[in-house]
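In this note's numbering, the protein residues as written are 406 to 1107. Just so you know, even glycine gets a beta-carbon here, dropped at the ideal spot from N, CA and C. As the structure is a computational prediction, the values presented were derived from the model and not from experiment. Data first, discussion second: the structure below is written as structure tokens.
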């Protein structure tokens, strides 16, 4: 691990050169680096710096400058990875702010080409008037970028019908470590048709040879499941022709830097119905799934009892839960049918009710025919992770075995045995998500602030993955490898396949420029030096003006932010208005919470909590309380700003502008009687500029 202080001079030269040669933003200050140190995982690694490119030329220049400086590059989208894919001691390149355009659209061919920073939900909003949508409907679709989804090989609730990202990406334009740009797409069986001397042709031939050489081992070791996203997709390297884009999908930014993606689209199903199936026990719900999928649903999603109870405590979900839940079920299965024929879907709903009766659960289906009701139910499901993370206290559901996938016939037995593993280690687990494909998001509740949390995580992971191997399942079914699962590839795939993965990395990225430590040559997943809560992590005590006892103190309230990025959404809602205008991580609920956490734990230096830089971070919070209502973990940044301002004013006197605003009730009556005096500011040339300089009042303020 690098020592930040020893590299400060070199980092300064690197930052200066980047600022000279790029048009985008270059952020090397400690506060910005701190905000980009985390994603939605348990990990925290400070980057060398951050680049926010304005265009593709900035990306290419950044890569060249980084290579010459001997530093690595980490592509980043929304920063919502749950297992540490987008945190590392690299130069982070955030494409989400500027590289978010639709580049080409063909409604007849059902294809669209986009930049990597475009978010899924705005894309679908663009496509909706044409009757099309992109079918990889991840729960974080209102903030997940398409580039990040491709890098992760994301799946979504309806993968049982539409498949994963790897099945829905047609081509990828990408920059390699040497700066060359190529279009990775379908390649013919006859490779003689390729330009013999091109870098791309060389890659294709090397990968074709690797695929043919390892075909037998791939057939033996790769899980025969839809939900397998671990490692590189070398199973797509077929002798009869393959698509090189499929190899890049799921590569987690370790092979190339995506600059555009061509995606396959699907018609929007005109009709949908939803059956909400109630089960008295979790095991019965899991056992029923293998029978329900035979009815050809478009989705079967699990919501467990813990999630139901936590949802009832969240204002924005309470009414929906009360409407769709009867009694006190231990588990729900959300079963969706979609298509052209509404009458046929209603018949499928009747068949579902009949099947539930045959399984011993009569009158256990709540129907959702109204699209608005369906949408409200899906919003609860989509918020699953954040709802689970709304638990108060140091113990939180932790992502590291959260998307193992097993065959449906083994799902009930697997979940039952895994529950026993949790009990053995003195904890419980939360469960939800993709029952239809045997991929449940399960998270044991652990306290990652102490050594026991890390030890339990290691023990549970080893036992869980051993079970997954026994069932011939996948240890990574949706969220990728990152820092949490990459080290387990050898036990899951065997040494021969791991060597093949390393060969892929070395052929594409011989200098190791891109995102090191992910997929191949990974560190231990339980190395606490890489954690957000490192061994030395301590919140510095101070006297608060507000009561934070509900969260165990101010630090506990700040730590409720799990970095999942719901505040980054650009679509309906009010959270977070300053981010919607600036698109800056600094002016985001997540960015503010991260900066507060770093400040109160001494990671930004002494007195960081009351620093001018901290004030700049909090300054654009308008106190709207949108986060309190719309953040599923209940982060109340408006309340935190009150606490911060109280602490800040102990060390910094209010400026004249702030005093004028505070005194407004005193002089407003006079202004009402003599308005012409106060309006002179806007009538005399030059006075507005003087008021800005001396008072800090904008010339645009009336």
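6 Å Cβ shell around residue i - same chain, five flanking residues per side excluded
i, result
"residue 781", "725"
"residue 606", "599, 600"
"residue 554", "570"
"residue 558", "569, 570, 571, 634, 654, 655"
"residue 556", "657, 658"
"residue 1015", "1052, 1053, 1056"
Burial state of residue i (16 or more Cβ within 10 Å)
i, result
"residue 493", "buried"
"residue 977", "exposed"
"residue 573", "buried"
"residue 1054", "exposed"
"residue 889", "buried"
"residue 866", "buried"
"residue 597", "exposed"
"residue 408", "Model confidence at residue 408 stands at a pLDDT of 36, short of 50, so the residue's coordinates are unreliable; what they give is reported in the following sentence. Label assigned to residue 408: exposed."
"residue 439", "buried"
"residue 753", "buried"
"residue 628", "buried"
First and last residue of the uninterrupted alpha helix (DSSP H) at residue i
i, result
"residue 683", "No alpha helix (DSSP H) contains residue 683, which is instead part of the beta strand (DSSP E) from 676 to 684."
"residue 747", "747 to 763"
"residue 1071", "1069 to 1078"
"residue 486", "Note, residue 486: premise wrong, no alpha helix (DSSP H); not H, not E."
"residue 480", "Unbroken run through residue 480 is the beta strand (DSSP E), 478 to 481; no alpha helix (DSSP H)."
First and last residue of the uninterrupted beta strand (DSSP E) at residue i
i, result
"residue 518", "516 to 519"
"residue 773", "770 to 773"
"residue 848", "844 to 852"
Test item: CB-CB of residue i and residue j under 7 Å
i, j, result
"residue 664", "residue 825", "no"
"residue 849", "residue 870", "no"
"residue 518", "residue 508", "yes"
"residue 1120", "residue 550", "Given that the chain is displayed from residue 406 to residue 1107, the structure contains no residue 1120 and the question cannot be resolved."
"residue 1037", "residue 736", "no"
"residue 1013", "residue 1028", "no"
"residue 678", "residue 742", "yes"
"residue 676", "residue 750", "yes"
"residue 702", "residue 536", "no"
"residue 682", "residue 761", "yes"
"residue 960", "residue 1005", "yes"
"residue 843", "residue 812", "yes"
"residue 808", "residue 863", "no"
"residue 621", "residue 642", "no"
"residue 504", "residue 476", "no"
"residue 693", "residue 645", "no"
"residue 480", "residue 498", "yes"
"residue 482", "residue 552", "yes"
Coil, strand or helix - residue i by DSSP
i, result
"residue 582", "coil"
"residue 801", "strand"
"residue 1084", "helix"
"residue 788", "coil"
"residue 449", "strand"
"residue 782", "helix"
"residue 906", "helix"
"residue 648", "strand"
"residue 944", "coil"
"residue 411", "Bear in mind that a pLDDT of 40 at residue 411, under 50, signals an unreliable position, so the model cannot answer this."
"residue 744", "strand"
"residue 975", "coil"
"residue 671", "strand"
"residue 426", "helix"
"residue 432", "strand"
"residue 1020", "helix"
"residue 833", "coil"
"residue 563", "coil"
"residue 374", "The chain is shown only over 406 to 1107; residue 374 falls outside these bounds and no answer can be derived."
"residue 627", "coil"
Residues near residue i in its chain [Cβ-Cβ closer than 7 Å; skip 5 each side]
i, result
"residue 1071", "none"
"residue 611", "912"
"residue 981", "972, 993, 994, 1031, 1032"
"residue 1098", "none"
"residue 897", "635, 870, 874, 880"
"residue 721", "1034, 1035"
"residue 806", "847, 865, 866, 869"
"residue 800", "850, 851, 852"
Residue i Cβ short of 6 Å to the ligand FMN heavy atom set
i, result
"residue 692", "The ligand content of the structure shown is nil, which means the ligand FMN is not present either."
Contacting residues, own chain, Cβ-Cβ under 8 Å from residue i (five flanking each side not counted)
i, result
"residue 410", "Legend: pLDDT at residue 410 = 42, less than 50; position of this residue unreliable, value from coordinates given subsequently. Closer than 8 Å at Cβ, skipping near neighbours: no residue."
"residue 907", "925, 926"
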